[in-house]
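Notes follow the structure.
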DNA sequence: CAGCGAAGTAGACGCTGACTACATTGCACT
DNA sequence: AGTGCAATGTAGTCAGCGTCTACTTCGCTG
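Residue numbers (the numbering used here), protein chains in the order written: chain A, 219 to 433; chain B, 219 to 433.
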C-alpha cells in the first residue's frame, strides 16, 4: 500500500496542497493504531503524521468518528473481497461456507487495526454489515452461502439468517479473542495457528449445522 | 444495587470522609457507561458523580486503567458466579455445558457495561480469564465442563482446552455482537430473545462436538 | 488530647477534539 | 490571459481530559 510523499501514481502534479490528504489520513490512522494501540489514536497525531496541521483533517471528515467510520468502511470492503476470493477457490458449498468463516478470521489477524475500528465500541450509529449493499455486504455473502448449502442438503432446513448468526458469532468471537490477544495465553499468536484453529472450528460448526438427528 | 449516601451495612459511622469512595467510583463508572456510553467515561465525571473532586480517585486507583481493571475483575467474579449458578440447575453434563455458554451470553446482556470493560480494547496488560485462579476462572469452569462431557461420552476426544476455545469463541462472539447492538438490525434486542438464540447456538455446537463421524 | 497518616481539595501542566478567522492555491469561466 | 471563487490548509483559541504536586481536613492510635 502506500505511495508516500507527493502523488506519483497517475501523474506527478500534486492535485491539492497535500496531494490526497484524505487517503493519507486513513493510512496514518491505521499505522498509528498498529504501532501505538487504539488508545493512542488522536486526530492531532494522525494529522501530524500526514504532515499537516491539527485542523486540516476537518476539511475531509466532520469529526473523529467520521474518520473512523471511513476506516471501517474501507475495512468492510477489504474483508468482503477477502471472503469472496477465498470462497472462489473452493468447489463444494460446505467448503465454501467454511472458507467464508476462515477468511473472516484471517482478515482480523492480518488487519487487526481495521478489525478493531470496524467492531470497536465507538460509533453512535452502528456501521451496517447486517443491512448493507454491494461491496461491503459480508453478511449477505454468508447468508447466500448457507442457502446454497441448504439447497444441496449439507445444512439443515431453517431460516438462513438465523443459522448465519450462529456462524457469524463463532468466527466473530474467535477473531475478537485473537485480535485482543486473549488467546496468547493459550499459545495462539501466529497467522497459521489462527488459520488452523479457524478451520477446525468451522468444520465443527458445519457438522453441527448438518441435518438434524436429535432435535 | 446501591446503598447510596453514608454507609450503613456494618455500622452507621462513615468510615472515611466519603464512606466508601472506592466502591462508589466503581458503581459510578458502570452507571456512566450505561447511560452515556463507553466514550463518555472520564475519571473526572466519575469523580463528579461520586461527589468528590477530580483528584480524589487517585487515592484509590493508580490511574484510569487501574479503575477499569477493578471494574473488570468485579465483572469476572459476577460472571463466574452466574455461570456456576446456572450450571448447578442442570442434571446432565451436556446440558451443563450449554448452560455455561448461555450464562455467558446472559451476563453480557444483563451487564453490558461490565462486559464492555472486561473485553474492551484497553488494558496494556490483558486481565487473565485464560490463566486465573479461584473466583474469576470462568475458562477453567468451561474446560472442566467439557472434560466431564468427554468422560460421559457426549463429546469427542481431544484436548479439552482446544474444544473450550471453540465454545468460548461462539458465546463470546454472540455476546459481543449483542452488546454492540450489531444484531438489533436482525430484530434481536431483548434478553429472552438473546437467551433463546444462545440456547439454539450452544445446542448446535454441542451437536458438532459430538463423537466424530466424518473426520 | 496530641499528632500522624490517610483521604480529599485546589491548582497546574500538556494533551485532546472541536471551532473560528485567515491565508493560499488550483480551477472554471469569461 | 486573467480574475474570482471555492476548496484546501494554517494559526489561534476554548473547554475538557488524565495526571502530578502541594495543601487541608479528618479519624484513629498512642
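Glycine included, C-beta positions come from ideal geometry on N, C-alpha and C.
Below-7 Å beta-carbon distance, residue i vs any chain A residue
i                     : result
residue 256 (chain B) : yes
residue 275 (chain B) : no
residue 419 (chain B) : yes
residue 339 (chain B) : yes
residue 394 (chain B) : yes
residue 407 (chain B) : no
residue 260 (chain B) : no
residue 387 (chain B) : yes
residue 416 (chain B) : no
Alpha-carbon spacing of residue i relative to residue j, whole angstroms
i                     : j                     : result
residue 267 (chain B) : residue 246 (chain B) : 6 Å
residue 316 (chain B) : residue 329 (chain A) : 32 Å
residue 357 (chain B) : residue 378 (chain B) : 11 Å
residue 360 (chain B) : residue 323 (chain B) : 14 Å
residue 307 (chain B) : residue 420 (chain B) : 17 Å
residue 287 (chain A) : residue 293 (chain A) : 10 Å
residue 257 (chain B) : residue 354 (chain A) : 26 Å
residue 413 (chain A) : residue 407 (chain A) : 10 Å
residue 273 (chain A) : residue 282 (chain A) : 11 Å
residue 298 (chain A) : residue 338 (chain A) : 18 Å
residue 399 (chain B) : residue 238 (chain A) : 34 Å
residue 363 (chain A) : residue 373 (chain B) : 28 Å
residue 295 (chain B) : residue 417 (chain B) : 23 Å
residue 309 (chain A) : residue 396 (chain A) : 28 Å
residue 305 (chain A) : residue 314 (chain A) : 5 Å
residue 236 (chain A) : residue 385 (chain A) : 44 Å
residue 250 (chain B) : residue 404 (chain A) : 34 Å
residue 255 (chain B) : residue 340 (chain A) : 9 Å
residue 371 (chain B) : residue 336 (chain A) : 40 Å
residue 241 (chain A) : residue 303 (chain A) : 24 Å
residue 269 (chain A) : residue 259 (chain A) : 16 Å
residue 252 (chain A) : residue 381 (chain B) : 30 Å
residue 369 (chain A) : residue 369 (chain B) : 37 Å
residue 291 (chain A) : residue 402 (chain A) : 28 Å
residue 285 (chain A) : residue 366 (chain A) : 37 Å
residue 311 (chain A) : residue 311 (chain B) : 33 Å
residue 280 (chain B) : residue 280 (chain A) : 35 Å
Exposed unless 16 or more other CB atoms sit within 10 angstroms - verdict on residue i
i                     : result
residue 262 (chain B) : exposed
residue 429 (chain A) : exposed
residue 271 (chain B) : exposed
residue 387 (chain B) : buried
residue 275 (chain B) : buried
residue 319 (chain B) : buried
residue 334 (chain B) : buried
residue 394 (chain A) : buried
residue 389 (chain A) : buried
residue 410 (chain B) : exposed
Beta carbon proximity, residue i to chain B, threshold 7 Å
i                     : result
residue 384 (chain A) : yes
residue 434 (chain A) : Any answer about residue 434 (chain A) is impossible in this case: the structure gives chain A only from 219 up to 433.
residue 426 (chain A) : yes
residue 372 (chain A) : no
residue 378 (chain A) : no
residue 422 (chain A) : yes
residue 334 (chain A) : yes
residue 391 (chain A) : yes
residue 286 (chain A) : no
Presumed contact (8 Å Cβ cut-off) between residue i and residue j, rounded CB distance
i                     : j                     : result
residue 423 (chain B) : residue 426 (chain A) : 6 Å
residue 264 (chain B) : residue 332 (chain B) : 15 Å between Cβ atoms; not a contact.
residue 415 (chain B) : residue 383 (chain A) : 7 Å
residue 321 (chain A) : residue 301 (chain A) : 4 Å
residue 243 (chain B) : residue 278 (chain B) : 6 Å
Complete alpha helix (DSSP H) runs within the region 280-339 of chain A (minimum length 4 residues, chain order): For the region 280-339 of chain A, whole alpha helix (DSSP H) runs of length 4 or above, ordered along the chain, are 282-306, 311-328, 330-337.
Contiguous alpha helix (DSSP H) assignments of at least 4 residues, all confined to the region 374-430 of chain B: Within the region 374-430 of chain B, the complete alpha helix (DSSP H) runs of at least 4 residues are 378-397, 409-426.
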